[in-house]
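J.: What follows is a structure written as structure tokens; I'll ask about it next.
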DNA sequence: AATAAATGAATGAACATTCATTTATTTTAC
DNA sequence: GTAAAATAAATGAATGTTCATTCATTTATT
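Protein chains in written order, with the numbering used here: chain A, 1 to 191; chain B, 1001 to 1191.
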């Protein structure tokens, strides 16, 4: 049962960060939301920073799993690419708190260098696939970072826009349109 | 003379936000950096929030100007597209503090709804051009937000990566590679 | 009875803002 | 031209608030 309270605290941070933002996050409201006393948090975490970092580890883990599950060995590259992008999108539609938290975490003071990289490496499985695609001359021989910008950057922004109700990623047609455009950006073209 | 101190204060915020992040920004260090007393800030700004918002207005204005200057009437769409993207990139390479500030501002508590949109509308001139391109059947009839994600999202990320020294946008070849990829994403393809 | 878990009031540090006082600049008077 | 007076600009110590963290005490479990 020891996990119950720890988990309630983590969940409570996730909810509060999305609701009021990182700036208004304080230990008392975390405790309140989790239904424990302020001091209890310190039984499970060394302090605020430790708490935040633990939560990041959790969200990253869950996201990674979702992406990896979408990959199927021996399927055409394009199919896996679309499936994994879709898994990423659907994960965040189902867990908007996670997205909001990861976004804000990037600019939190708790962030250490190692984690900065981790944030980008959330889509690591996709980049590995891209390397194969380059060898097959299907994917452009792009700079790693350019690839990352095209995929990670546009993915992040489209989700941000969905959450701001500027577009609707629940419509399959919108998602497809987006995946196709990213695909066109990274694949070898014959115009 | 009255602009001098006001400007020194604004510049000092820009520098500090990039150096230590929004979370560690406090009025005393702003004053120190600007070479004035803490109370002096309140002669020029209503408070911290007002100061931050004023700075955002300033940076947005400067960025906008840089982009618009790159546009030349009566030039092919692709040329203007590349020129404006390049202007955006070069502006941020020259003013990394601006980029860092705008990025972090998005998640600051000072942000009002109107400004949220403004942040995306930094590239407004480019989107207007895209509308023309759609009419010419040169640009895909993409959802506005998808377009925004592809351009704004990937641009932001590539700059972030450059500032993190993961890539080098000072090399023209890297920039070109990036612009071409974005171009491929948004234009009608014949594969 | 002993140990572990949880509580929440108390502590102290950080920090935005205020305002009485000082310093600089401008205006007036001769 | 200069001294005095008036106004404006600037200062930074003091104030009050917020908030993370601690720890003596209480409650639950073994």
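By construction, the Cβ of each residue, glycine as well, lies at the ideal position given by its N, Cα and C atoms. Keep in mind that this is a model prediction, so the values were computed, not measured.
(1) Quick one: what's got a C-beta closer than 7 angstroms to residue 1033 (chain B)'s C-beta in the same chain, skipping five residues either side?
(2) On the criterion of 16 or more Cβ atoms from any shown chain inside 10 Å, does residue 46 (chain A) qualify as buried, or is it exposed?
(3) Say whether chain B places a C-beta atom closer than 7 angstroms to the C-beta of residue 107 (chain A).
(4) Is the CB-CB distance between residue 148 (chain A) and residue 63 (chain A) below 7 angstroms?
(5) Among A:101, A:178, A:164 and A:188, which has the Cα closest to the Cα of residue 134 (chain A)?
(6) 7 angstroms is my cut-off, CB to CB: does residue 1188 (chain B) come that close to chain A?
(7) What number of angstroms, rounded off, separates the C-alpha of residue 178 (chain A) from the C-alpha of residue 1098 (chain B)?
(8) What does residue 126 (chain A) touch in chain B if you count any residue whose Cβ is under 7 angstroms from its own?
(9) For a contact defined as C-beta to C-beta under 9 angstroms, what are the partners of residue 1156 (chain B) on chain A?
(10) Would you kindly report the start and end of the unbroken alpha helix (DSSP H) that includes residue 48 (chain A)?
(11) Thinking C-alpha only, which one of B:1126, B:1104, B:1173 and B:1166 is nearest residue 1070 (chain B)?
(12) Alpha helix (DSSP H) containing residue 1098 (chain B): first to last residue?
(13) Under a CB-based cut-off of 7 angstroms, is residue 177 (chain A) close to chain B?
(14) 7 angstroms is my cut-off, CB to CB: does residue 166 (chain A) come that close to chain B?
(15) For residue 7 (chain A) versus residue 100 (chain A), is the C-beta distance shorter than 7 angstroms?
T.: Per the coordinate set shown:
(1) 1012, 1015 and 1016
(2) Under this definition residue 46 (chain A) is an exposed residue.
(3) yes
(4) no
(5) Answer by Cα proximity: A:188.
(6) Not one chain A Cβ lies under 7 angstroms of residue 1188 (chain B).
(7) 29 angstroms
(8) Simply none; closest approach about 14 angstroms.
(9) 149, 153, 156 and 157
(10) 48-70
(11) B:1126
(12) 1096-1105
(13) Taking Cβ atoms only, chain B reaches closer than 7 angstroms to residue 177 (chain A), which makes this a yes.
(14) yes
(15) no
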